[in-house]
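The structure under discussion appears below in the form of structure tokens.
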Amino acid sequence: MLDRLIQQALLQVLQPILDPTFSQHSYGFRPGRSAHDAVLAAQSFVQSGRRVVVDVDLEKFFDRVDHDILIDRLRRKSPIPA
Numbered sequence: 001m002l003d004r005l006i007q008q009a010l011l012q013v014l015q016p017i018l019d020p021t022f023s024q025h026s027y028g029f030r031p032g033r034s035a036h037d038a039v040l041a042a043q044s045f046v047q048s049g050r051r052v053v054v055d056v057d058l059e060k061f062f063d064r065v066d067h068d069i070l071i072d073r074l075r076r077k078s079p080i081p082a
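Residues in the sequence shown are numbered from 1 upward in steps of one, following UniProt numbering.
So this is what it looks like as structure tokens:
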């Protein structure tokens, strides 16, 4: 229960700071965005004449994250002093 509380607290602090820095074309795990929004965006791209689709699935991505780099980048963006 404490773990979940801490995760939620971090989310509430970091999400408003980090979310605006993410790609406008990113839909996964984003507040106010859904799979339906992603489909609508894809349809819009096709209708505008785009013909190339790139699908990226980074297998085991989170297993390979360098946590020292991640913590350093979060620390630089965080309003909480180190």
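Don't be surprised by glycine CBs; every beta carbon is placed ideally from N, CA and C.
For residue 36, three-class secondary structure by DSSP: helix
Going by C-alpha to C-alpha distance, which of 13, 20, 9 and 3 sits closest to residue 79? 13
Using a Cβ-Cβ cutoff of less than 7 Å, which residues in the same chain neighbour residue 18 once the five nearest sequence positions on both sides are dropped? 77
Would you mind working out which of 61, 63 and 46 sits nearest residue 54, comparing C-alpha positions? 46
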